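A.B. asks: Sharing a structure, written as structure tokens. Questions coming.
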Amino acid sequence: MSPSPLPVPGTTVGRSVPRREGVDKVTGRARYTDDIAVPGAWYGRTIRSTIARGVIRAIALNPAFDWSRIVVVTSDDIPGDNVVQLIRDDQPVLAPIRGEIRHKEEPILLLAAPDRATLEEAASHIRIEYELTTPVSDIGSATEVFSTVDITKGDVASAQGEADLVVEREFRVGLQEQLYIEPQGAIAFPEADGTIRIIGSLQCPYYVHRALKRALKLNDQQAVVVQAETGGGFGGKEEYPSIVAVHAALLARKAGRPVRLIYDRHEDLAATTKRHPGVIRHRTAVKKDGTLLSQDIEIVLDGGAYCTLTPVVLSRAAIHATGPYSCPNVRIRARAVATNTPPNGAFRGFGAPQSLFAAELMVEHVAERLGISSVDLRRKWMLRLGDTTATGQVLTESVGSELVLDAALKAAPTARRGRGLSLVFHGSGFTGSGEKKLQGTIALEALADGTFRVLTASTEIGQGTRTIFCQLAADALGVPLERVSLAPQDTSLVPDSGPTVASRTAMIVGRLVQEAATEIQQRLQRERPPIRVEKSYIQPESIHWDETTYGVGDDRRDQNERRRLSERPAGHLPHSHRARRPAHPHHSGRESLLARPVRGQRHRRAADGWTGAGDHRRHPRRDRRLAGRGSGHPGKSVGRIAGEEGRGKREGYVPVTIAFTINGHSVAVEVSGSRRLLDVIREDLGATGTKEGCGEGECGACSVLIDGEVVDSCLIAVGQVEGREVTTVEGLADGGRLTALQQAFIAHGAAQCGICTPGLLLAAHVLLQHSKRLTADEVREGLAGNLCRCTGYTKIIDAVLSCTK
Amino acid sequence: MHKVKFIRPTSLADAVQIYRTTPGCRPLAGGTDLMVMLHARTVRPEPQAVLDLWSLAELKGVRRVQDSVEIGAAESYTGIIASRDVQQHLPALAAAARTIGAAQIQNRGTLGGNLANASPAGDTLPVLLAYDAVVVTDRRAIPIDKFFIGYRKTELHPDELITAVRLPLGRRVAFRKVGTRAAQAISKVVMAVSGHPARIAIGSVAEVPLRARRAEAALERDDIEAAIAAVADDIRPIDDVRSTAAYRRAVTQNVLRGLLDAFARG
């Protein structure tokens, strides 16, 4: 018998390879939107409504203030339609003058000024008068309906009549913030021919492209959208960046110069979209032995003041409402309503977490009433091969429920502590017949020099897109990974492969890349490069989906199943719920493309679930290593740096000269002593590896070392570092050689979107300086001041532990 | 716009003098609260000067003074946690300091700041109450139970600087904080308890960090059940973004039971 041959193509997929931009992310070289220095750019700001509902009676600009240095944009300055292009034309770019206000924080005016101090002062000279109307503040009092979904299978009424027990419960889920560590932001560049170029933090370049064309009346070529390195999205940067970009564009157009519009954490939290709150009612009919007879489910989601993506979110909530269980009789009635609250929108899971949360608690309630173990009940109810879902999909391939349940039970310790379990499924790919409508398109080029280039609009937001596409193409082409590159996500270069959402990047767009690569590989046998191949999504004939009846066929290409099992301290009464050892076996169909990112995604999803369950209340609420600029004599005083030029100039300070050492170089800055060290490092010294995530000492993204101790540089007055030694991420690598820790971060996939990476590296660096023997718990405690939204921390902890002896 | 002056005093005497004579002057230590407010321009009245106390040697350090441990007002929590005297004599203070923020905050946060800020959620404040600490200022010594006089209001005069905190030796105090997560959390309930003398001090359950006097009286009689019942009446919790009054009340009773049980077990 001959040995099985090595696969010719297919050597790359499934192998863990370092992510493409890994080195940039661990050295602080990766440029996120606010890291991009634009000489001559003005600062933009949004003036928002302070009321939830009413009419703007008057907008008054104080005549005593000098407005000549300020650009003010109102709805009258919008050349195109005053509409944020998405599903429904209900959301204005700016509330019309004397028009209606539908929610707090609704954008009314835009300002731009040459510096922040002038901008702040201008904002304080604006008075807006309103005529108040009583707002609709919650689901209970809402009357306006955005959309409805009805799904019926079998006959719920008769099933209830035959039941031994009918259990009824109501569940409420609250708002949830995506909390990407990099706040929203965009920079707009007006060009002489009327083109407006946007560089921003965003998931979906073509959403922004369409919004720009519509509001600014631009043609396909005049609107150019480029994605900067993006510090996390989680859905929060799916539709909202259209608003930020259009605002920046309007300001830039009127100012005739580039304008940067970067939100701080407060504005981001207050104004941008959240996960939809909801009320979900279940009426479940069972027999004494636990046999599931019917599920009668009512879902009401709060869309907020405007439609955004709400109908699609509702659709996903309804499709997942039964949980991963087989039930002969199902009725799902779902509706999304309008309230006078900031619009809700996309967030990882997209409606499903709300309804799955209710479905899983319902299993527990029914089990309790029946006196059966909820594990046994799940095993009895769970979907298996050959079962039919509520939407009529017959499961004909790979259903992993049994597998994951067993794995979860095996992984979960059986100690005295309480145990919790949830079984969920989640569809991949755009909801309903979305893929058919989107018809995502990609291109692949074989270039004359023997290299290949993938062109897609799918963005890298931490999940590994840049690496995955290159792996898929290299694999199908049978060439080394190094010969495949990815074109930048720039709408003037790449075709519209659709939004970067719903796991469709790897599932759908990845498949197109594979198909294109296969075609090129075949054509290369008889043709010479350059060759360019474009591929668009064509819905397979086996998939049928009817938007009106909500049923029949595959509503999704793949049914993933996940399960979470965790221990919780059982304590006799409530103290705090802390998941001690979550285990989350995961069945994702075929073995993962890219082992490392998938692992991170999984841990993070699990953590998203935890935060969701705990959060039921409203919470309204320049790349240059520091070569001592100008001197180039490391270690020697480089003289005075005239601080606060251009960026962030504040007039009202008494300047002092502060001399300190940064990354081994002596610097002296002339600034206000109470200015934040963070701002001096980023803006005056141009070391943008140190990031601002929250400005409150909560997230640790701005961590630096002062005399070897880790601190949040947003909480340090620069006057306090006089004579001290400051180390930033740029100072870690020695002469361009990465430290073992930086290498470990890359090797373990501990840097995903990368925005938290510099801060984490510094915190971990200190830990390793103090002790070379660390336990996982010590690492966890040592890094507790640094938030990461991508990895779920596991890979970060592994990376640090790998550097211990 | 305001001209904010940044003043770096050369000694404590210099700082005291400047603070007494400079109008609109705000002392700055580790900056974990004040820097956020300065940046957001929410400090009222708007400060005209910031007095940096962080690097004054006189305000640093932990030392034994007769029957007490004296901690400099600007000593960091990291320094407090590392102090052998604190570990040996004031383990509850070390425990409280460890629950504050994470490394970044512990490297900058100070007892002086926690006291002057007087947040009802200040994590070290119940511990200081349970130890009957004394707040030492540039002119006097203030017993801790006279220090908090209202929501974020203290007994300090407008020109008075905290220089140190004194805690007695030989008292057993137990500490527990309940927050949303282990690190970086503002407490829902934070408690420190001493058996002899009976001290039950609680944060985040009223407008000030308070001592539960009725519960203390019951504890003095060794009536644990009465103490647990009484503590619910001693506190004045509210519903806010972090928790509800009902939850705080239930948790206060549970935490008190837990801490007293731990005492009983020795």
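In order, the protein sequences belong to chains A and B. Here the working numbering is used: the first residue of the first sequence is 591, the next is one more, and so on. Here the working numbering is used: the first residue of the second sequence is 18, the next is one more, and so on. Note that CB positions come from ideal geometry on N, CA and C, so glycine has one too. Bear in mind the structure is a predicted one, so any value in this text is a computation, not a measurement.
Excluding the five sequence neighbours on either side, which residues of its own chain have a C-beta within less than 7 Å of the C-beta of residue 1066 of chain A, listed in chain order?
C.D. replies: Taken in chain order, the residues that qualify are 599, 1104, 1107, 1108, 1111.
A.B. asks: Is it true that the CB of residue 825 of chain A sits closer than 8 Å to the CB of residue 768 of chain A?
C.D. replies: The answer is yes: Cβ separation under 8 Å.
A.B. asks: Tell me which same chain residues have a C-beta within less than 8 Å of the C-beta of residue 847 of chain A, skipping the five on either side of it?
C.D. replies: Same-chain partners within the cutoff: 630, 631, 632, 780.
A.B. asks: Taking the beta carbon of residue 168 of chain B as the centre, do at least 16 other beta carbons fall within 10 Å, making it buried, or is it exposed?
C.D. replies: Its Cβ having fewer than 16 others within 10 Å, residue 168 of chain B is exposed.
A.B. asks: Could you give the distance in angstroms between the alpha-carbon of residue 1078 of chain A and the alpha-carbon of residue 816 of chain A?
C.D. replies: When rounded, the distance between both Cα atoms is 8 Å.
A.B. asks: Which residues, in order along the region 725-751 of chain A, keep a beta-carbon less than 8 Å from a beta-carbon of chain B?
C.D. replies: Cβ contacts with chain B come from no residue of the region 725-751 of chain A.
A.B. asks: Kindly list the residues whose CB is nearer than 6 Å to the CB of residue 678 of chain A, restricted to its own chain and excluding five residues on each side of it in sequence; keep chain order.
C.D. replies: Counting only Cβ-Cβ distances below 6 Å, and skipping sequence neighbours, we find 897.
A.B. asks: Are the C-beta of residue 104 of chain B and some C-beta of chain A separated by less than 8 Å?
C.D. replies: It does not; no Cβ of chain A falls within 8 Å.
A.B. asks: Jot down the residue ranges of each uninterrupted beta strand (DSSP E) in the region 1263-1349 of chain A, minimum 3 residues, whole runs only, in chain order.
C.D. replies: Counting whole runs of 3 or more residues, the region 1263-1349 of chain A contains the beta strand (DSSP E) stretches 1293-1296, 1299-1302, 1315-1317.
A.B. asks: Are the CB atoms of residue 1300 of chain A and residue 1316 of chain A within a distance shorter than 8 Å?
C.D. replies: Not closer than 8 Å, so no.
A.B. asks: Who are the neighbours of residue 1286 of chain A on chain B, taking C-beta pairs under 7 Å?
C.D. replies: The answer, in chain order, is 53.
A.B. asks: Within 8 Å (strictly less), CB to CB, does residue 222 of chain B reach chain A?
C.D. replies: No, because no Cβ of chain A sits closer than 8 Å to the Cβ of residue 222 of chain B.
A.B. asks: What did DSSP end up calling residue 131 of chain B once you bin it into helix, strand or coil?
C.D. replies: Helix, per DSSP.
A.B. asks: When you compare the CB positions of residue 142 of chain B and residue 78 of chain B, do they come within less than 8 Å of one another, or not?
C.D. replies: No, the Cβ-Cβ distance between residue 142 of chain B and residue 78 of chain B is not below 8 Å.
A.B. asks: Indicate the three-state DSSP secondary structure (helix, strand or coil) for residue 1256 of chain A in the structure shown.
C.D. replies: Here residue 1256 of chain A sits in strand by DSSP.
A.B. asks: Determine, for residue 927 of chain A, whether the minimum Cβ-Cβ distance to residues of chain B falls below 8 Å.
C.D. replies: Answer no: the Cβ-Cβ gap between residue 927 of chain A and chain B never drops below 8 Å.
A.B. asks: Please give me, in chain order, every unbroken run of the alpha helix (DSSP H) with length at least 4 that falls completely inside the region 1015-1056 of chain A.
C.D. replies: The region 1015-1056 of chain A contains these whole alpha helix (DSSP H) runs: 1024-1028.
A.B. asks: What residues in its chain sit with their C-beta under 8 Å from that of residue 927 of chain A, if we drop five residues either side in the sequence?
C.D. replies: If we look at residue 927 of chain A and ignore the five residues flanking it on each side, its Cβ neighbours are 729, 732, 733, 734, 735, 736, 890, 891, 892, 893.
A.B. asks: Note down the Cα distance separating residue 1318 of chain A from residue 782 of chain A, rounded to an integer number of angstroms.
C.D. replies: C-alpha separation (whole angstroms): 39 Å.
A.B. asks: My guess is that residue 1051 of chain A and residue 1090 of chain A are in contact by the Cβ rule of under 8 Å, so how many angstroms apart are they, rounded?
C.D. replies: Confirmed, Cβ separation roughly 6 Å.
A.B. asks: Are the CB atoms of residue 695 of chain A and residue 638 of chain A within a distance shorter than 8 Å?
C.D. replies: Closer than 8 Å, so yes.
A.B. asks: What's the call for residue 250 of chain B, buried or exposed, on a 16-neighbour Cβ count within 10 Å?
C.D. replies: Result: exposed.
A.B. asks: Can you check DSSP and say which residues form a bridge with residue 742 of chain A?
C.D. replies: DSSP, once it has assigned bridges, lists A:921 as partnering residue 742 of chain A.
A.B. asks: Could you spell out the range, first to last residue, of the alpha helix (DSSP H) harbouring residue 902 of chain A?
C.D. replies: Here the alpha helix (DSSP H) through residue 902 of chain A covers 900-909.
A.B. asks: Do residue 1353 of chain A and residue 1373 of chain A have their C-beta atoms closer together than 8 Å?
C.D. replies: Yes; because the gap between Cβ atoms is below 8 Å, this pair is in contact.
A.B. asks: For residue 54 of chain B, I'd like the list of residues in its chain whose CB is within less than 7 Å of its CB, leaving aside the five on either flank, ordered along the chain.
C.D. replies: Here the set comprises 60.
A.B. asks: If I follow the unbroken alpha helix (DSSP H) through residue 885 of chain A, where does it start and stop?
C.D. replies: Not the alpha helix (DSSP H): residue 885 of chain A falls in the beta strand (DSSP E), residues 882-894.
A.B. asks: Check distances from the C-beta atoms of the region 1304-1316 of chain A to those of chain B and list, in chain order, the residues that come in under 8 Å.
C.D. replies: So the close ones are 1304, 1305, 1306, 1307, 1309, 1310, 1312.
A.B. asks: Going by other Cβ atoms of all chains shown within 10 Å of its Cβ, with 16 needed for buried, is residue 1054 of chain A buried or exposed?
C.D. replies: Looking at its Cβ environment, which holds 16 or more other Cβ atoms inside 10 Å, residue 1054 of chain A is buried.
A.B. asks: Measuring CA to CA, which of A:964, A:1287, A:1281, A:829 is closest to residue 798 of chain A?
C.D. replies: It is A:829 whose Cα lies nearest to the Cα of residue 798 of chain A.
A.B. asks: Exposed or buried, which one is residue 1160 of chain A when buried takes at least 16 other CB atoms within 10 Å?
C.D. replies: Here the model assigns residue 1160 of chain A a pLDDT of 36, short of 50, so the residue's position is not dependable, and the following value carries that caveat. Residue 1160 of chain A should be labelled exposed.
A.B. asks: Examine chain B for any beta-carbon lying closer than 8 Å to the beta-carbon of residue 695 of chain A, and answer yes or no.
C.D. replies: No, because no Cβ of chain B sits closer than 8 Å to the Cβ of residue 695 of chain A.
A.B. asks: Does any C-beta atom of chain B lie closer than 8 Å to the C-beta of residue 1293 of chain A?
C.D. replies: Yes, its Cβ sits closer than 8 Å to a Cβ of chain B.
A.B. asks: Please classify residue 1252 of chain A: is it buried, with 16 or more other beta-carbons within 10 angstroms of its beta-carbon, or exposed?
C.D. replies: It counts as buried.
A.B. asks: Spatial neighbours of residue 1285 of chain A within its chain, please: CB distance less than 7 Å, with the 5 preceding and 5 following residues excluded, ordered by chain position.
C.D. replies: Closer than 7 Å at the Cβ level, and outside the excluded window around residue 1285 of chain A, lie 854, 855, 1304.
A.B. asks: Under 8 Å between C-beta atoms, does residue 1257 of chain A make it to chain B?
C.D. replies: Not one chain B Cβ lies under 8 Å of residue 1257 of chain A.
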